[in-house]
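Protein chains in written order, with my numbering: chain Z, 4 to 98; chain B, 249 to 732. Accompanying notes for the structure given below.
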Amino acid sequence: MALTLDDVARIAHLARIEITDAEARRTLSQLNDIFALIAKMQAVDTSGVEPMAHPLGGAQRLRADEASETIDRDAALRNAPAQQDGLFLVPKVIE
Amino acid sequence: MSTSLARGWETVIGLETHAQLSTRSKIFSGASTAFGAPPNTQASVIDLALPGVLPVLNRGAVERAIRFGLAIGAKINPRSIFARKNYFYPDLPKNYQISQYEIPVVQGGTVHIRVGDAEKVVNLTRAHLEEDAGKSLHEDFHGMSGIDLNRAGTPLLEIVSEPELRSSAEAVAYAKTLHALVRWIGICDGNMQEGSFRCDANVSVRRIGDPKLGTRCEIKNLNSFRFLERAIEYEIARQIELIEDGGHVVQETRLYDPDRDETRPMRSKEDAQDYRYFPDPDLLPLEIQPAWIEEVKGSMPELPEAMRERFVAQYGLTAYDAATLTASREMADYFESMVAKLPQEPKLCANWLMGEVSARLNRDDVELDAAPVKPQALAALLARIADGTLSGKMAREVFDAMWAGEGEADAIIEARGLKQISDAGAIEKIIDEVLAANAKSVEEFRAGKEKAFNALVGQAMKATKGKANPAQVNEILKKKLASG
């Protein structure tokens, strides 16, 4: 399957990345190369092979349910462009 | 609902319920989950999504998911996978929510609901673990929004029903049953005001007999049973009217506005979400060994369904009483504590709990576990009805005094001289006096006037200041009048 320029524009929008037309064309050819690679892998017969969810084997380790971490709020807010009353401030969002 | 059915429409509803799990710490970090802390004081570096941090799964959250799965007879997947759900919103600092997509921790299961006299089994699709987002505050911060990330990373169990609910009443019954269940098994505090239990309703309509489902709308974030009912009712009427007027329903997310009692679209269609789920490379698959499931099974309380059946079989209660008493674990525990003290009178215990106690809880707006009269103390009072010391009326007086904190039943009975007269000889003597003093009533009764009997009972009760055992007065009076 080959992507189109519209697909690239949509993916960029979903990722909130602004790209120029020239970048979109370049990205399109790169993405199509990657899809070609994927197509090769998909041609391999994997019937009977359980899909992996992670390249490492093994299972997730679990943590005991204890409230053990606190933060220094002032330090956490220090990098924020805007803050007030202990809140991060962001451009107004209302849905 | 009845009107839409009459007009040839069927409603199809599925609910997605978010139950906040009652863990001490967050699902992927060690920050506290306590409610109401000052903003951004309970957000760890993981919840803030600082670069380079890694999530570590909370065993307590998984254990609660297992409890839920066992309670609804579902399959606990031996291996489930966490996925990233990608979207941009300021209260989601990672720009993705960690959730489960292809393989959830809990699959299938059923919930039994009751609407009126009808019982229905609702099938569940799945329940999966995920993290909550932070909170956006839209009050005026110089035209900006404030972000509090205390809630970010709070563990949620998203419980998804099959689209098998057919009316707002069924949807509410299902939500209430689920709400009672998650509290019963101790995995969620159920506090709807604080958002610990909230529902999204997927609603569509179709012509009766049409095998194809209609286009659905999702109404998000309903945090009360009343709003759930109102929102669904509005949405059903809106969709039917739209289609009958020749239009068609557009699949979209809507919000319910309780002030206007209506739903309206939340996002425009152009902005339709594409979450691009993929397995989270930061987390390995979650494996749950059978031994762990067995261990959790061993710690499960008796479930409401089983307890209801036992109450009918063991105590001879009606199905209605058993259902009322098992509506919450507090209620069931209170009842069983009473019966443990007064095993010969389960029905009396049930009646007092559902009647006198519930009425006072409502009146005073108090929860059962904060009731001023404990079950053992109430059982001691009821024992005085059972042994004939008190009439029902006198017991209510004593109960009011107990409720007001005046002490134990026996002390109040003693202090107020409330002992009922149950000595047959004493009652007989009083009745003889009453009969002698009320010859006219006696004559009237013998002439067939039933009311005269009640007048004589009244006189006997008056003569004893209400302390005579009414049943005995009735019985002895009847005997005397018949023989005299």
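The C-beta atom is built at its ideal place from N, Cα and C for all residues, glycine as well.
- Rounded to whole angstroms, the gap between the alpha carbons of residue 294/B and residue 340/B is 12 Å.
- Against chain B, the beta carbon of residue 94/Z has neighbours under 9 Å at 338, 391, 392, 393, listed in chain order.
- Residue 45/Z has a beta carbon lying at 8 Å or more from every beta carbon in chain B.
- Under the 8 Å Cβ criterion, the region 622-631 of chain B counts as touching the region 572-586 of chain B, having at least three qualifying pairs.
- Residue 669/B and residue 717/B do touch by the CB rule: their CB atoms are close to 6 Å apart, below 8 Å.
- Within the same chain, and ignoring the five residues on either side of residue 379/B in sequence, the residues whose Cβ sits closer than 8 Å to its Cβ are 274, 275, 276, 345, 346, 347, 400, 401, 402, 403, 404.
- In the DSSP assignment, residue 671/B falls outside any beta strand (DSSP E) and carries neither an H nor an E.
- Between residue 76/Z and chain B, the shortest Cβ-Cβ separation is below 8 Å.
- Of all alpha-carbon atoms in 684/B, 478/B, 309/B, 708/B, the one lying nearest the alpha-carbon of residue 503/B is that of 478/B.
- Taken atom to atom, the span from the alpha-carbon of residue 609/B to that of residue 618/B is near 9 Å.
- As the crow flies, the alpha-carbon of residue 364/B is around 11 Å from that of residue 568/B.
- When the beta-carbon positions are compared, residue 326/B and residue 63/Z stay at least 8 Å from each other.
- Bounds of the beta strand (DSSP E) holding residue 388/B are 383-389.
- The shortest C-alpha to C-alpha distance from residue 428/B to any of 454/B, 528/B, 361/B, 650/B is the one to 361/B.
- Residue-level contact by beta carbon holds for residue 396/B and chain Z, with a gap shorter than 8 Å.
- The continuous stretches of alpha helix (DSSP H) do not include residue 372/B, which lies in the beta strand (DSSP E) extending over residues 366-379.
- At a cut-off of 8 Å between beta-carbon atoms, residue 12/Z makes no contact with chain B.
- With 16 or more other Cβ atoms inside 10 Å of its own Cβ, residue 431/B counts as buried.
- Shown here for residue 434/B: not one same chain residue has a beta carbon closer than 6 Å to its own, the five before and five after excluded.
- Ranked by Cα distance from residue 356/B, the options 317/B, 731/B, 640/B, 566/B are led by 317/B.
- Chain Z has no Cβ within less than 8 Å of the Cβ of residue 467/B.
- The region 547-624 of chain B contains, as complete alpha helix (DSSP H) runs of 4+ residues, the segments 552-563, 567-573, 577-589, 594-600, 606-612 (chain order).
- In the DSSP annotation of this structure, residue 709/B is not part of any beta strand (DSSP E); the continuous alpha helix (DSSP H) holding it starts and ends at 699-711.
- Following the DSSP letters along the chain, one finds residue 422/B inside the alpha helix (DSSP H) bounded by residues 416-432.
- When secondary structure is reduced to three states using DSSP, residue 287/B falls in the coil class, being assigned neither helix nor strand.
- With a cutoff of 8 Å on beta-carbon distance, residue 705/B and residue 725/B are scored as near each other.
- The distance from the Cβ of residue 497/B to that of residue 462/B is about 6 Å, consistent with a contact at the 8 Å cut-off.
- Inclusion of residue 398/B and residue 289/B in the CB contact set at 8 Å is warranted, their separation being smaller than that value.
- Nearest to residue 574/B by alpha-carbon distance, out of 291/B, 555/B, 283/B, 352/B, is 555/B.
- For the region 313-334 of chain B, the beta-carbon criterion of a distance under 7 Å to any beta-carbon of chain Z is satisfied by 329.
- For residue 454/B, the uninterrupted beta strand (DSSP E) run begins and ends at 445-455, by DSSP.
- The C-alpha of residue 28/Z is placed about 18 Å away from the C-alpha of residue 19/Z.
- Using a Cβ-Cβ distance cut-off of 8 Å, the region 328-335 of chain B and the region 40-47 of chain Z are not in contact, since fewer than three pairs of beta carbons, one from each stretch, lie closer than that value.
- Looking from the CA of residue 370/B, the closest CA among 281/B, 512/B, 299/B, 322/B belongs to 322/B.
- In this structure, DSSP gives residue 493/B a state outside helix and strand, which the three-state scheme calls coil.
- Taking every protein chain shown into account, the CB of residue 460/B has fewer than 16 other CB atoms within 10 angstroms, so this residue is exposed.
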